[in-house]
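Numbering (our numbering), first residue to last: -11 to 192. To start, the structure under review is shown below, and the notes come after it.
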């Protein structure tokens, strides 16, 4: 990557930080950033930033209308891929048992461990969005909604965790760019302890 500012990026969380998809000299590329602050240094001031992480946390109500609409869009096959986003105070709790108890008290519902494990990423995004030095226009996105859109509005039946499901998503992405080369390059460049193929596909 050269030092030119990035005008548009797609972001997904991964084990080592954030995997970022972008176009460079007309080609699709992927790069790992350890933090959103590090990525910010590469963004154009008016960059379009799409991130697969909750934006706009509620203080008390745990039901976000965007999640309701996303589940409806992905029904019946992929609606469970949209997990419930807890209120902001709960995301600040570092112990699962304590967070689960707080969720029951505040919302009347329990907290999934999948949701709890995302708390560090959710907090990073939540804190970053109030940073006065933040570049670009940030929007929340959901990869499965994007794939449904590329698939004529129909959610994909196969999970992205299966070989067939992953291949179906890559096939859809080929319609908007040459993704095979950048996927291979990223997976060769970064070890599996840093990121997985699923992370790359979701960022794209």
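The C-beta atom is built at its ideal place from N, Cα and C for all residues, glycine as well.
Take the Cβ of residue i as the centre, count every other Cβ of all protein chains shown within 10 Å, and call the residue buried at 16 or more, exposed below.
| i | result |
| --- | --- |
| residue 79 | buried |
| residue 242 | Outside the shown range of the chain, which is -11 to 192, sits residue 242, and nothing can be said about it. |
| residue 19 | buried |
| residue 41 | buried |
| residue 190 | buried |
| residue 64 | exposed |
| residue 130 | buried |
| residue 1 | buried |
Could you check where the alpha helix (DSSP H) with residue i kicks off and where it finishes?
| i | result |
| --- | --- |
| residue 205 | The structure shown does not extend to residue 205, since the chain spans only -11 to 192, so no value can be given for it. |
| residue 169 | 168 to 177 |
| residue 185 | 185 to 191 |
Kindly give me the distance between the Cβ atoms of residue i and residue j, rounded to whole angstroms, as I take these residues to be in contact under 8 Å.
| i | j | result |
| --- | --- | --- |
| residue -2 | residue 38 | 5 Å |
| residue 144 | residue 153 | 7 Å |
| residue 166 | residue 15 | 7 Å |
| residue 136 | residue 62 | 6 Å |
| residue 114 | residue 45 | 6 Å |
Quick check on the DSSP output: what are the complete beta strand (DSSP E) runs of length 3 or more inside the region -1 to 58, in order along the chain? 5 to 12, 15 to 21, 31 to 39
### Task
Any chance you could list the beta strand (DSSP E) runs of at least 3 consecutive residues sitting entirely within the region 65 to 139, in chain order?
125 to 128
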